[in-house]
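The next block holds one structure in the form of structure tokens; read it before the comments.
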Amino acid sequence: MISGETAAGGIASDLCDNEPDMLHSGLRILCRTPALPPHGLAVHPRVPPEAGVALTRAVTALARDADGRRLLADAGPGTVAADYNRDYQAIEAMGLEKFDKR
Numbered sequence: 007m008i009s010g011e012t013a014a015g016g017i018a019s020d021l022c023d024n025e026p027d028m029l030h031s032g033l034r035i036l037c038r039t040p041a042l043p044p045h046g047l048a049v050h051p052r053v054p055p056e057a058g059v060a061l062t063r064a065v066t067a068l069a070r071d072a073d074g075r076r077l078l079a080d081a082g083p084g085t086v087a088a089d090y091n092r093d094y095q096a097i098e099a100m101g102l103e104k105f106d107k108r
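The opening residue of the sequence shown carries number 7 in my numbering; numbering runs sequentially from there.
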């Protein structure tokens, strides 16, 4: 957005707050959403389902030992378990598809 390569986009407030003033002073807030779960993991539909399952297992396995938890801590706080109702239903309910201009 700052480089002018796109007209609009989204950024987490805490990430924006950590950037130098000269970067976020050029942004204009059009919409604020409720807090959302960070670092969602998605698998593209072209990826074989078994690869997505393997990725999910690998990431959740990291959460089960101390070394893995240290690696995951760098990604920020959060739970390594998806719960659609808890984590994603609120995003769908926001109706953000109205902003998709594809």
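No residue lacks a Cβ here, since even glycine has one placed at the ideal position from N, Cα and C.
Quick one: measure Cβ to Cβ for residue i and residue j, integer angstroms, because I've assumed they're closer than 8 angstroms.
| i | j | result |
| --- | --- | --- |
| residue 36 | residue 14 | 7 angstroms |
| residue 69 | residue 61 | The pair is not a contact, with the Cβ atoms about 14 angstroms apart (cut-off 8 angstroms). |
| residue 47 | residue 65 | 6 angstroms |
Which residues in the same chain have their Cβ closer than 7 angstroms to the Cβ of residue i, if we skip the five residues on either side of it in sequence?
| i | result |
| --- | --- |
| residue 42 | 97 |
| residue 90 | none |
Report the three-state DSSP secondary structure of residue i (helix, strand or coil).
| i | result |
| --- | --- |
| residue 33 | coil |
| residue 9 | coil |
Within the same chain, show all residues whose beta-carbon is closer than 6 angstroms to that of residue i, passing over the 5 residues directly before and after it, in chain order.
| i | result |
| --- | --- |
| residue 49 | 58 |
Can you check which of these residues, the options, is closest to residue i by C-alpha distance?
| i | options | result |
| --- | --- | --- |
| residue 9 | 86, 32 and 108 | 32 |
**alpha helix (DSSP H) runs contained entirely in the region 35 to 107, provided each spans 4 or more residues** = Listed in chain order, the complete alpha helix (DSSP H) runs (minimum 4 residues) inside the region 35 to 107 are 55 to 68, 72 to 79, 90 to 93 and 95 to 99.
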